[in-house]
Amino acid sequence: MASDFAVTQATEKGIQEAITLSSMDRQISVSGVGELTLGPDRYSITIKCQASKDSVQDAKNSVMRRADYIIQSLHNSALKEADYQVYQHVTHSDSLAHVYYEVEAHFTDLQKCQNIANLLSEKLGPGVTVTLPRCYHARGSMDKLRRQAGMLAIHNARQKALEMAKILHLSVGPVLKVQENGTTESQDASKEDEGLLTADGSIQQRIKEATISVSSKVNVCFQLKPSKTKRC
């Protein structure tokens, strides 16, 4: 009758890997961790200008001269209409008409975003206000990162299984079972609230605050097979 035995290895985190061997059933169960970090891949700025005149039309004319230059500059940077939104409203106070014009533009390239912001500030001067870039992730980017972290965890588990099996002169076969033990996400601790950035924060700090790290943990069970030996 074939006898069973087990080899157990403790990891630094106290997780145990167990290899169970028998003539009928040979398996190895290992844990794996995959960690990936993703910086922001989308950037947006808000461009504001306003005018106060005796009449609404005069105020609009004053604002639209700057607004036309803003929109043309965005188009010159290859932004499409879907990449920016325009907001405009009119108020009255102290016998004056106030017209406010605001553009929110979104970029996939930080350098292009900064170039536009600097150009508008230089050309329009105090007649326009441009915010620092807001850094964020595109739709689907985080889901993709989570999947990649999970795949990396499985890959690392297999590498661990290969090393352990080699010691026992066995080879690793197909996967018998995969169990996800959880996924954690973390951002810079100095970020107090989601989407909230200090007005005087540097661009470098904003990028750091928008960078996300994902860690995925899995347990994977592989079949073990006898190693192929070369015959002389």
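My numbering applies: residue 26 is where the sequence shown begins, and numbers increase by one.
Ideal Cβ positions, reconstructed from N, Cα and C, are used throughout, including at glycine.
By the three-class DSSP mapping on this structure, what secondary structure does Q212 have? Secondary structure at Q212: coil, using DSSP grouped into helix, strand and coil.
Tell whether a beta-carbon distance below 9 Å holds between V239 and G57. no
Mind checking R164: buried by the 16 CB within 10 Å criterion, or exposed? exposed
Please report how far the alpha carbon of K148 lies from the alpha carbon of H162, in whole angstroms. Straight-line Cα distance between these residues: approximately 30 Å.
Contact check, E129 vs T71, beta carbons under 9 Å: For the 9 Å CB-CB criterion, E129 and T71 form a contact.
Less than 8 Å between the CB atoms is what I'm expecting for S77 and H123, so what's the real figure, rounded? 5 Å
Going by DSSP in three states, P158 sits in which element: helix, strand or coil? coil
Is it buried or exposed for A186, if we count other Cβ within 10 angstroms and need 16 for buried? buried
Can you tell me whether G64 is helix, strand or coil according to DSSP? coil
Give the straight-line distance between the Cα atoms of I228 and V203, rounded to the nearest whole angstrom. 41 Å
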